[in-house]
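UniProt numbering numbers the first residue of the sequence shown as 1 and each following residue consecutively.
We treat Cβ as the ideally placed atom computed from N, Cα and C, and that holds for glycine.
Every value quoted in this text rests on a predicted model; they were computed, and no experiment measured them.
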Amino acid sequence: LSRRLVRLHCENMSFFARVMAHKKTVTLGVLTLSAVIAVAIAVPIATNTGPDSDIPPQVNQLYGRTVLDEVPLIDGHNDLPWNLYNFERNRINGFDLNSDLKAHPVWGPSTSSHTDIPRLREGKVGAQFWVAYVSCGNQYKDAVERTLEQIDVIKRIVRKYPEHMQYVTSTEGIMEAFRAGKIGSLIAVEGGHSMDSRLAVLRMYYELGVRYMTLTHSCNTPWADASPIDNQANAVLRNVTVWGRNVVWEMNRLGMLIDLSHVSHGVMLDVLEHTKAPVIFSHSSSHAVFQHHRNVQDDVLQKVVQNKGIVMVNFYTGFIGGKSINNVLTHLNYIKSITGPDHIGLGGDFDGVDDTPVGLDDVSKYPDLFDLLADGTYTNGTTFTPWTREDLRKLAGENLLRVFGEVERVRDSMVDVEPYEDLIPYQDFVEAGVAEQPCMSDMDIHKA
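Okay, here's the thing in structure tokens:
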């Protein structure tokens, strides 16, 4: 049946037929002849497909979700390790990720639990950045130790399920895992506070397998501003300090992806000016669509194109401005209209948020998103320009692989560059208002 015929039918359904469309079963004996004809024309519509439905309308099955069998779906941000800490205190020997966690007495009731191996498989996830996140409350205290614990639990959970997951650190590793039918599992650090303003710690994270670091979380570091500062009246903006550029360049030298989600608008612009490699936004959406400081403004999107980077769209309802999969579609379509199809990806933020959109409830729902994009249809029946097969391949993983590959190329070109080793100056701590932090035992070094 043509999509247009189905939509025409939807627009002209009688009130009675609309009511019947919400019923899972219909007794033909009570239908009028016209209703029978209507059902014969469009049987697949006998479900709720309103704006908040998690059941897509009849969609184009020619290539939507099938793209995910051709290229790895690479999600930029999943906070499962944070939930392993919250719910299990990282004690995973008796924990079964290869089970239905929706039925688990602790994980099941949580609105922040969206991930387990069965759902990852159903969602056709090909590779995942697992996030080693620790709270801003750990800054200047035990952020490094806690981050090491989170890196440890990521490695352990991946090692526990070798038939499903494969630890990888490179573009080639992602593709090897995909060809083997496994979920390529990468490590990310969320928040520059985790490196404690020490380039040596950053280097050791890379040695441990970390392949991107978000420059800030929701708190400023002594060398970079976080996005909440953009909403603060009369705030003194430091953007990225002169020393902070060393972090950018050392990440370039190492081959570590620079993640600009969570940073201020000024930091985005500063980094895009000074980086030698493409950047990522691991879980951010469009500021023009929904004005939240966590989202990316159009001037930055245009510079991301020049940088050859990527914005991986976040699904959190508080950042996308609504509770439907349609809101995610709107962000994807808008960003694509600014950047084209080469600079966009997906970073759902699953297990790190407590409210996901209807239709993208958990990691199992990615195929539905790709079906809708291929069909060019919102769940309420309105339309947009369908994404081509090539567009969807890029969205799924090809764009991230290109960016990651270029970061690796820049690393290789800097093989003769010595490590950046300048100490952060004391003045950066003063301007950040943390110069008298009692937990920093070597502050005297920075005063020298």
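If only uninterrupted beta strand (DSSP E) runs of at least 3 residues are considered, those enclosed by the region 69 to 122 are 73 to 78. Assignment of Trp243 by DSSP, reduced to helix, strand and coil, places it in the coil class.
The region 60 to 70 and the region 366 to 380 touch, with no fewer than 3 CB-CB distances between them shorter than 8 Å. One alpha carbon belongs to Tyr378, the other to Asn326, and they sit about 6 Å apart.
Counted as a single uninterrupted DSSP element, the beta strand (DSSP E) harbouring Ser185 occupies residues Ile183 to Glu190. Buried is the label assigned to His283, since at least 16 other Cβ atoms lie within 10 Å of its Cβ.
Residue range Thr171 to Arg179 is occupied by the alpha helix (DSSP H) that includes Met175. Two segments are said to touch when three or more pairs of C-beta atoms, one from each, lie closer than 8 Å; by this definition the region 193 to 200 touches the region 416 to 425. Judged by DSSP secondary structure, Ile325 falls within the alpha helix (DSSP H) whose first and last residues are Ile325 to Thr339. Per DSSP, reduced to three states, the secondary structure at Thr382 is coil, with no helix or strand assignment.
When the Cα atoms are used, Thr317 and Phe290 turn out to be separated by approximately 10 Å. For Ala127, the uninterrupted beta strand (DSSP E) segment begins and ends at Val125 to Tyr133. The alpha carbon of Leu260 has as its nearest neighbour, out of Lys124, Met443 and Ala277, the alpha carbon of Ala277. As the crow flies, the alpha-carbon of Leu401 is around 14 Å from that of Phe281. Taking the Cα positions, Glu145 is about 23 Å away from Ala432.
Within a 10 Å sphere around the beta-carbon of Ile151 sit 16 or more other beta-carbons, which makes this residue buried.
Fully enclosed beta strand (DSSP E) runs of no fewer than 3 residues occupy 344 to 346 of the region 337 to 422, in order along the chain. Comparing alpha-carbon positions, the option among Phe178, Gly405 and Asp355 lying closest to Lys308 turns out to be Gly405. Runs of the beta strand (DSSP E) spanning 3 or more residues and lying entirely within the region 227 to 289 occur at 257 to 259, in chain order. If you look at Ile310, you'll find it in the beta strand (DSSP E) that goes Ile310 to Val313. Fewer than three beta-carbon pairs drawn from the region 159 to 166 and the region 206 to 214 are found closer than 8 Å, and the two stretches are therefore not classed as touching. Gln166 has Gly184 as its beta-bridge partners, per DSSP.
Rounded to whole angstroms, the gap between the alpha carbons of Gly397 and Leu68 is 9 Å.
Inclusion of Met213 and Met268 in the CB contact set at 8 Å is not warranted, their separation being larger than that value. Put simply, the backbone Cα of His77 is about 6 Å away from that of Gly348. Here Leu332 is buried: its Cβ has 16 or more other Cβ atoms, across all protein chains shown, within 10 Å. Straight across, the Cα-Cα distance linking Val240 with Ser194 is about 17 Å. Rounded to whole angstroms, the separation of the alpha carbons of Arg393 and Met414 is 30 Å. By the Cβ neighbour-count rule, Asn231 is exposed, with fewer than 16 other Cβ atoms within 10 Å of its own. Here the alpha carbons of Ile344 and Ala188 stand approximately 19 Å from one another. Listed in chain order, the non-local C-beta contacts of Thr147 below 7 Å within the same chain comprise Ala132, Val134, Val189 and Ser194, local neighbours out to five positions each way being set aside. Counting every other CB atom within 10 Å of its CB across the protein chains shown gives Thr382 a total below 16, marking it as exposed.
For the 8 Å CB-CB criterion, Ile183 and Ala127 form a contact. Straight across, the Cα-Cα distance linking Cys439 with Ser337 is about 48 Å. Looking from the CA of Leu301, the closest CA among Val311, Glu273 and His293 belongs to Val311. Here His114 is buried: its Cβ has 16 or more other Cβ atoms, across all protein chains shown, within 10 Å.
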